[in-house]
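K.L.:
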Amino acid sequence: MVPTGQVAEKQAYEEPRQDHELKSWRCVVFYLCFFGFMAQLRPGESFITPFLLERKFTKEQVTNEIIPMLPYSHLAVLVPVFLLTDYLRYKPVLVLQCLSFVCVWLLLLLGTSVVHMQLMEVFYSVTMAARIAYSSYIFSLVHPSRYQRMASYSRAAVLLGVFISSVLGQALVTVGHISTYTLNCVSLGFILFSLVLSLFLKRPKRSLFFNRSTLARGALPCELDQMHPGPDRPETRKLDRMLGTCRDSFLVRMLSELVENARQPQLRLWCLWWVFNSSGYYLITYYVHVLWRSTDSSLSYNGAVDAASTLLSAITSFSAGFLSIRWTLWSKLVIAGVIAIQASLVFCMFQIRDIWVCYVTFVLFRGAYQFLVPIATFQIASSLSKELCALVFGINTFLATALKTCITLVVSDKRGLGLQVRDQFRIYFIYFLMLSITCFAWAGLDGLRYCQRGRHQPLAQAQELRSPLETSVQAISLQDGDLRGPQPSAPQLLSEDGMEDDRGDLRVEAKA
Numbered sequence: 131m132v133p134t135g136q137v138a139e140k141q142a143y144e145e146p147r148q149d150h151e152l153k154s155w156r157c158v159v160f161y162l163c164f165f166g167f168m169a170q171l172r173p174g175e176s177f178i179t180p181f182l183l184e185r186k187f188t189k190e191q192v193t194n195e196i197i198p199m200l201p202y203s204h205l206a207v208l209v210p211v212f213l214l215t216d217y218l219r220y221k222p223v224l225v226l227q228c229l230s231f232v233c234v235w236l237l238l239l240l241g242t243s244v245v246h247m248q249l250m251e252v253f254y255s256v257t258m259a260a261r262i263a264y265s266s267y268i269f270s271l272v273h274p275s276r277y278q279r280m281a282s283y284s285r286a287a288v289l290l291g292v293f294i295s296s297v298l299g300q301a302l303v304t305v306g307h308i309s310t311y312t313l314n315c316v317s318l319g320f321i322l323f324s325l326v327l328s329l330f331l332k333r334p335k336r337s338l339f340f341n342r343s344t345l346a347r348g349a350l351p352c353e354l355d356q357m358h359p360g361p362d363r364p365e366t367r368k369l370d371r372m373l374g375t376c377r378d379s380f381l382v383r384m385l386s387e388l389v390e391n392a393r394q395p396q397l398r399l400w401c402l403w404w405v406f407n408s409s410g411y412y413l414i415t416y417y418v419h420v421l422w423r424s425t426d427s428s429l430s431y432n433g434a435v436d437a438a439s440t441l442l443s444a445i446t447s448f449s450a451g452f453l454s455i456r457w458t459l460w461s462k463l464v465i466a467g468v469i470a471i472q473a474s475l476v477f478c479m480f481q482i483r484d485i486w487v488c489y490v491t492f493v494l495f496r497g498a499y500q501f502l503v504p505i506a507t508f509q510i511a512s513s514l515s516k517e518l519c520a521l522v523f524g525i526n527t528f529l530a531t532a533l534k535t536c537i538t539l540v541v542s543d544k545r546g547l548g549l550q551v552r553d554q555f556r557i558y559f560i561y562f563l564m565l566s567i568t569c570f571a572w573a574g575l576d577g578l579r580y581c582q583r584g585r586h587q588p589l590a591q592a593q594e595l596r597s598p599l600e601t602s603v604q605a606i607s608l609q610d611g612d613l614r615g616p617q618p619s620a621p622q623l624l625s626e627d628g629m630e631d632d633r634g635d636l637r638v639e640a641k642a
């Protein structure tokens with residue numbers, strides 16, 4: 131046994147060190163959240179479409195030439211930026227995002243041709259692809275036990291920034307009566323400040339895929355071959371080692387695990403929802419400002435509507451965490467109902483030529499989508515590891531962007547049908563309507579099979595009757611118990627910030 135004096139000396143040495151580490155990561159997280167808040171302060175973003183139309187660009191040019199460049203370039207840069215984010219360990223990509231925003235607003239203010247505006251959309255697509263750097267950055271800074279809490283902090287900072295930015299933009303236009311050109315100059319000032327902040331971000335030492343920490347203990351088969359070579363020839367042993375290295379590589383193991391998990395019905399369902407619904411959602415958000423302008427050019431409450439939709443999205447996302455239903459049975463029906471609501475709202479947008487109806491329906495449309503996002507995130511992430519979860523979300527985003535690009539090429543681009551904005555919304559209504567009918571039919575078939583069996587399906591997991599929030603807490607508690615082993619019963623201790631110090635590895639997705 132260690133003498134009592136040595137134990138006391140060791141504890142006295144470790145306590146100041148723990149206090150220093152606690153203060154250190156708190157400062158880093160606070161700075162990151164402050165950067166996330168300031169990076170969203172772009173009050174002119176809600177008024178980009180009115181600004182372009184005031185610059186003598188026609189509605190046809192904006193609808194059929196400028197905006198279609200955004201999904202095209204987003205598809206082109208998505209995978210490279212995703213890989214560079216992990217390989218360069220986040221900070222350089224955040225700096226690149228700020229530089230791209232600077233280029234966006236410089237081209238917006240100084241550009242005079244359609245080509246300049248298309249180049250502006252290319253840089254804006256880089257900023258969209260680089261959003262993954264901010265949402266992933268937090269997980270490389272803190273202990274897994276703090277993932278859920280820190281992800282909520284960083285997400286709240288982004289939502290607060292978007293809300294304040296929209297309110298500020300609307301106030302400057304309505305109350306201050308400043309021009310959209312001046313408003314974009316103010317946005318450029320905020321962006322330059324966020325660029326300076328990004329230069330002082332701490333660069334993590336590890337990342338999710340390329341810069342991983344030491345692997346789990348134990349020798350891999352290829353290592354065992356090196357320590358205990360067999361009687362084969364050197365060439366054969368070298369080939370076996372190469373095959374073993376490939377077989378045991380991190381990426382190959384992840385892809386193999388992904389194929390196995392793809393057999394889960396709930397995982398497939400929510401991944402399909404993510405791909406198809408998010409494609410339609412972003413197409414609506416791309417063109418809704420043009421629709422508002424064509425409905426009524428005298429009113430411009432874009433900022434107020436964006437602020438209201440952001441606030442409603444935050445409320446619906448938060449409330450979804452407390453929804454307790456049997457998801458294996460009711461998922462398809464819930465998805466079908468929400469998509470049916472979205473389809474009806476899109477119908478009202480293009481059919482009722484009233485600007486206030488357009489405003490209200492868009493706010494409700496965005497809130498309906500954001501209601502299902504945390505549910506889909508939990509359903510996808512609940513049965514996957516952190517690394518595999520990131521890969522699945524990356525694949526879903528890529529497929530959604532590819533589908534969005536194909537629809538844009540056919541419907542919006544002048545090389546395709548080149549439809550006007552109101553006709554495009556009619557196509558989007560049919561798109562959401564077909565999705566809803568498909569989900570209702572799918573849910574009906576499941577209901578028939580359920581009735582034919584004449585008995586309840588067994589619950590796949592214990593969390594089926596709990597909300598995502600309750601299940602997350604239970605999962606972390608179980609993992610905490612597995613790590614500590616049998617312990618005498620005692621009151622649960624709180625960490626120094628007053629919250630339960632759970633141990634776990636919970637990946638929470640944070641998105642706009």
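Position one of the sequence shown corresponds to residue 131 (our numbering), numbered consecutively onward.
Built from N, CA and C at the ideal position, the CB exists for glycine as well.
#1: For the structure I just gave you, are there three or more beta carbon pairs, one from the stretch 161–172 and one from the stretch 323–331, closer than 8 Å?
#2: With 16 as the cutoff for other CB atoms within 10 Å, does residue 416 come out buried or exposed?
#3: For the alpha helix (DSSP H) that residue 432 lies in, which residues bound it at each end?
#4: When you compare each of 454, 448, 300 to residue 178 by their alpha carbons, which one comes out closest?
#5: Taking residue 313 and residue 302 to be in contact with their CB atoms under 8 Å, please state how far apart those CB atoms are, rounded to whole angstroms.
#6: Which runs of the beta strand (DSSP E) at least 3 residues long sit entirely within the stretch 178–263? Give them in chain order.
#7: Assuming residue 259 and residue 208 are in contact, meaning their beta carbons sit under 8 Å apart, how far apart are those beta carbons, in whole angstroms?
#8: Using 8 Å as the Cβ pair cut-off and three pairs as the minimum, do the stretch 566–585 and the stretch 463–482 touch?
#9: Go through the stretch 288–345 residue by residue and report every complete run of the alpha helix (DSSP H) that reaches 4 residues or more, in order.
#10: Compute the beta-carbon to beta-carbon distance between residue 555 and residue 480, rounded to the nearest angstrom, for a pair I have assumed lies under 8 Å.
#11: Count the other CB atoms within 10 Å of the CB of residue 160; is the residue buried (16 or more) or exposed (fewer)?
#12: For residue 553, count neighbouring Cβ atoms within 10 angstroms of its own Cβ and tell me buried if that reaches 16, exposed if not.
#13: For residue 540, does the three-state DSSP call read helix, strand or coil?
#14: Are the beta-carbon atoms belonging to residue 215 and residue 262 less than 7 Å from one another?
#15: On the three-state DSSP scale, how would you describe residue 574?
#16: Run the CB neighbour count on residue 317, radius 10 Å, all protein chains shown included, and call it buried at 16 or more, exposed below.
#17: For the alpha helix (DSSP H) that residue 465 lies in, which residues bound it at each end?
#18: Apart from the five residues on each side of it in sequence, which residues of its chain come closer than 7 Å, Cβ to Cβ, to residue 534?
#19: Spatial neighbours of residue 491 within its chain, please: CB distance less than 6 Å, with the 5 preceding and 5 following residues excluded, ordered by chain position.
#20: Are residue 549 and residue 406 close, meaning C-beta to C-beta below 7 Å?
#21: Please name the residue in 422, 503, 436 whose C-alpha comes closest to that of residue 482.
#22: Can you tell me which of 527, 515, 434 puts its alpha carbon nearest to the alpha carbon of residue 305?
#23: With H, G and I counted as helix, E and B as strand and the rest as coil, what does DSSP make of residue 497?
#24: Since residue 538 and residue 198 should fall inside the 8 Å C-beta cutoff, what is the C-beta to C-beta distance between them, to a whole number of angstroms?
#25: Can you tell me which of 583, 309, 283, 519 puts its alpha carbon nearest to the alpha carbon of residue 185?
#26: Once you ignore the five residues that flank residue 450 on each side, which residues in its own chain have a CB closer than 6 Å to its CB?
#27: Can you tell me which of 227, 283, 157, 192 puts its alpha carbon nearest to the alpha carbon of residue 322?
#28: Let me know the secondary structure DSSP gives residue 273 once reduced to three states.
#29: To the nearest angstrom, how far is the alpha carbon of residue 484 from that of residue 551?
#30: Taking a contact to mean a Cβ-Cβ separation below 7 Å, would you say residue 403 touches residue 510 in this structure?
#31: Is it true that the CB of residue 230 sits closer than 7 Å to the CB of residue 211?
#32: What separation, rounded to the nearest whole angstrom, lies between the Cα atoms of residue 284 and residue 455?
#33: Residue 397 lies in the alpha helix (DSSP H); which residues open and close that run?
#34: Hey, how far is the Cα of residue 440 from the Cα of residue 582?
#35: State the DSSP-derived secondary structure class of residue 515, mapped to helix, strand or coil.
P.N.:
Well, looking at it:
#1: yes
#2: buried
#3: 432–450
#4: 300
#5: 6 Å
#6: none
#7: 5 Å
#8: yes
#9: 310–328
#10: 4 Å
#11: exposed
#12: exposed
#13: Correct three-state label for residue 540: helix.
#14: yes
#15: Three-state DSSP puts residue 574 in a helix.
#16: Counting Cβ neighbours within 10 Å, residue 317 comes out buried, since at least 16 surround it.
#17: 457–481
#18: 201, 409, 412, 413
#19: When the five nearest sequence neighbours on each side are left out, the beta carbons in the same chain lying within less than 6 Å of the beta carbon of residue 491 are those of 475, 478, 479, in order along the chain.
#20: For residue 549 and residue 406, no; Cβs fall outside 7 Å.
#21: Looking from the CA of residue 482, the closest CA among 422, 503, 436 belongs to 422.
#22: 434
#23: Residue 497 falls in the helix class under three-state DSSP.
#24: 5 Å
#25: 309
#26: 501, 504, 505
#27: Among 227, 283, 157, 192, the Cα nearest to that of residue 322 is on 227.
#28: The answer is coil: DSSP assigns residue 273 none of H, G, I, E or B.
#29: 15 Å
#30: no
#31: Not closer than 7 Å, so no.
#32: 28 Å
#33: Residue 397 -> alpha helix (DSSP H) spans 395–425.
#34: 44 Å
#35: coil
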